[in-house]
Amino acid sequence: MAEEQSKGQKLAEELLRKPKNLGEFDPELLGKASEFCEGYKRFLCNKTEREVVDYSIPILKEHGYTEFEMGRKYGPGDKFYYNNRGKALIMVTVGKRPVADGLRFGVSHIDSPRLDFKPNPLFEDTEMAYFKTHYYGGIKKYQWTTIPLSLHGVVKKCDGTSVKVCIGEDEGDPLFCITDLLPHLARAQMEKPASKVVEGEQLNILIGCWPFADEKVSEKVKLNVMAMLNEKYGITESDFLSAELCAVPAYKPHDYGLDRSMIGAYGQDDSVCAYASFMAELDAKDPEFTTMTVFADKEETGSDGNTGMASLFLKDFIEDFVSAYGLCARHVLMKSICLSADVNAAVDPAFGEAFERNNCSFLNRGPVVSKYTGSGGKYSTNDASAETMGFLRSILEEANVPWQVGELGKVDNGGGGTIAAMISVHNLDTVDIGVPVLSMHAPLEITSKSDVYLLYKAVLAFYMSGKAKE
Ligand code: MN
Ligand code: MN
Numbered sequence: 142m143a144e145e146q147s148k149g150q151k152l153a154e155e156l157l158r159k160p161k162n163l164g165e166f167d168p169e170l171l172g173k174a175s176e177f178c179e180g181y182k183r184f185l186c187n188k189t190e191r192e193v194v195d196y197s198i199p200i201l202k203e204h205g206y207t208e209f210e211m212g213r214k215y216g217p218g219d220k221f222y223y224n225n226r227g228k229a230l231i232m233v234t235v236g237k238r239p240v241a242d243g244l245r246f247g248v249s250h251i252d253s254p255r256l257d258f259k260p261n262p263l264f265e266d267t268e269m270a271y272f273k274t275h276y277y278g279g280i281k282k283y284q285w286t287t288i289p290l291s292l293h294g295v296v297k298k299c300d301g302t303s304v305k306v307c308i309g310e311d312e313g314d315p316l317f318c319i320t321d322l323l324p325h326l327a328r329a330q331m332e333k334p335a336s337k338v339v340e341g342e343q344l345n346i347l348i349g350c351w352p353f354a355d356e357k358v359s360e361k362v363k364l365n366v367m368a369m370l371n372e373k374y375g376i377t378e379s380d381f382l383s384a385e386l387c388a389v390p391a392y393k394p395h396d397y398g399l400d401r402s403m404i405g406a407y408g409q410d411d412s413v414c415a416y417a418s419f420m421a422e423l424d425a426k427d428p429e430f431t432t433m434t435v436f437a438d439k440e441e442t443g444s445d446g447n448t449g450m451a452s453l454f455l456k457d458f459i460e461d462f463v464s465a466y467g468l469c470a471r472h473v474l475m476k477s478i479c480l481s482a483d484v485n486a487a488v489d490p491a492f493g494e495a496f497e498r499n500n501c502s503f504l505n506r507g508p509v510v511s512k513y514t515g516s517g518g519k520y521s522t523n524d525a526s527a528e529t530m531g532f533l534r535s536i537l538e539e540a541n542v543p544w545q546v547g548e549l550g551k552v553d554n555g556g557g558g559t560i561a562a563m564i565s566v567h568n569l570d571t572v573d574i575g576v577p578v579l580s581m582h583a584p585l586e587i588t589s590k591s592d593v594y595l596l597y598k599a600v601l602a603f604y605m606s607g608k609a610k611e
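All residue numbers for the sequence shown refer to this note's numbering, where the first residue is 142 and numbers rise by one.
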């Protein structure tokens, strides 16, 4: 027989919040989450925004989505998508209630930190050939040396054709890397601050050391690799001028830990939220409110450009969609609500001093809802209102989805923003939700499978809820 609870124990249970590990909440969860994450691992094999869009569209078509038609008045249950330049994607399921009642948004980003090629990347030094890169997004540069890299992207040729490039992902493909100095000679290097241990202009990708056998040419190694690229892709060195190529970690997404409770992979920021909201979008059957799932580009560099969330493309698309009903986008947006789905930093005991444990997120405690992000005195952030937090909270509690709050580390340690600030510009109630990540922005990021699965459950509950905003 269980011991009777004391008065204080009873009161504590009633009045105090005690966060729980998901394993205590539901011991069966890891099995369900692992099954869900098999699809997530396949999704993670798409390592650039273009690859994510290319991968997602055929799946949308299988699920009955068609390409958006301007001027068409869509009815309940209709599903369609809008592809912005192959780099951003909007997916819609029309709800049973009139579009005038507002939409349910789930917005994530599908670009991740990486090494972009410079426009004139190819050079030879010391009889070795290299590609020069310009890093994209916030990275610790020293993390990108001595790891296997693969090359991805597209080259637009002068004749109007384009070639897709992907080397280093298939079994048997060659791999690439950036070299580092041996410790024996690194006395001076090791004295430098971490930001200078490896500098931007040292992020050169080694691509070959075998010369083209001809006495009469100089830069024989460079010529030899260019000849190989020409044979495989029909490109010349000038074609790099109109290309978007990059290097990313070559390793495949994998189960991590003896208990296989985690996923280790490149690009989980923010493919984890993209995948969870993608699955919720596909599984939202006959929702009350119209759902709009958005994959945005350029988040890692500030969302500028016409495929990023600082652009008007989302607003313009909404205008095109709702004008068929004789509605104005701004009137629909003020009645809508948006989940800005992006990762947050999980407390890492190895760097415990960076976190404030009452308000930071933990691995395996469920999706993390962030009232605000930003830095310093709450600069550059959407700060979700008590009403918006309360609205989401009531949906999650009703659907019995465990969740946690999260602030990005200690107040004065730094900070960072999400696209929530750009979305709320449209007078749209917005709140951040995501998955806690260890080693965020590193070439290998760690998430808990159960958090990934419960983010999907959270977004699905949000999409399926018939609860109207006050
Ligand atoms: Mn992100
Ligand atoms: Mn990021």
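Heads up, the beta-carbon is just placed ideally off N, CA and C, and yes, glycines get one too.
Which of the three DSSP states, helix, strand or coil, is assigned to residue i?
| i | result |
| --- | --- |
| A527 | helix |
| T287 | coil |
| M581 | coil |
| R255 | strand |
| Y520 | strand |
| L157 | coil |
| H204 | coil |
| G547 | coil |
| E265 | strand |
| D380 | helix |
| Y416 | helix |
| Y397 | strand |
| D570 | strand |
| M232 | strand |
| G164 | helix |
| F221 | strand |
| L364 | helix |
| P260 | strand |
| N187 | coil |
| A241 | helix |
| E210 | coil |
| I478 | strand |
Check the C-beta distance from residue i over to residue j and give it rounded, since I have them as a contact under 8 Å.
| i | j | result |
| --- | --- | --- |
| S502 | P577 | 4 Å |
| S249 | F436 | 6 Å |
| D380 | K298 | 6 Å |
| L316 | S291 | 7 Å |
| Y407 | P217 | Not a contact, Cβ separation roughly 39 Å. |
| V613 | E268 | There is no way to answer for residue 613, as the model of the chain reaches only from 142 to 611. |
| R255 | V389 | 5 Å |
| G449 | E440 | 7 Å |
| M403 | K161 | Their Cβ separation, rounded to whole angstroms, is 18 Å, which puts M403 and K161 out of contact at 8 Å. |
| A421 | Y196 | That belief does not hold up - the Cβ atoms of A421 and Y196 are roughly 17 Å apart, past 8 Å. |
For residue i, which residues does DSSP report across the bridge?
| i | result |
| --- | --- |
| S249 | F436 |
| T442 | According to DSSP, T442 bridges with nothing at all. |
| I587 | G405, L579 |
| L347 | Y271, C318 |
| G301 | DSSP output for G301 lists no bridge partner at all. |
| C307 | H293 |
| Y277 | R255 |
| S175 | Partner(s): none; S175 has no beta bridge. |
| P390 | L290 |
| A487 | S502 |
Let me confirm a value: residue i is counted as buried when at least 16 other C-beta atoms fall within 10 Å, else exposed. Which label applies?
| i | result |
| --- | --- |
| T207 | exposed |
| Y215 | buried |
| M581 | buried |
| G236 | buried |
| W285 | buried |
| P543 | buried |
| F462 | buried |
| P394 | buried |
| M335 | Going by the sequence as given, residue 335 is Ala instead of Met. So A335 ends up on the exposed side. |
| N345 | buried |
| F492 | exposed |
| M211 | exposed |
Between residue i and residue j, what straight-line distance do the alpha-carbon atoms span, to the nearest angstrom?
| i | j | result |
| --- | --- | --- |
| V339 | Y466 | 56 Å |
| T613 | A270 | Residue 613 lies beyond the stretch modelled for the chain, which goes from 142 to 611, so this question has no answer here. |
| E360 | I376 | 18 Å |
| K598 | R226 | 30 Å |
| P239 | N499 | 41 Å |
| C186 | K519 | 35 Å |
| D424 | L601 | 7 Å |
| D427 | I319 | 50 Å |
| K610 | F532 | 7 Å |
| L549 | N485 | 6 Å |
| V509 | G341 | 33 Å |
| C350 | K273 | 16 Å |
| G547 | D489 | 13 Å |
| G446 | S452 | 6 Å |
Return no unless some Cβ of chain D is closer than 8 Å to the Cβ of residue i.
| i | result |
| --- | --- |
| W351 | No chain D appears in the structure shown, which is made up of a single protein chain. |
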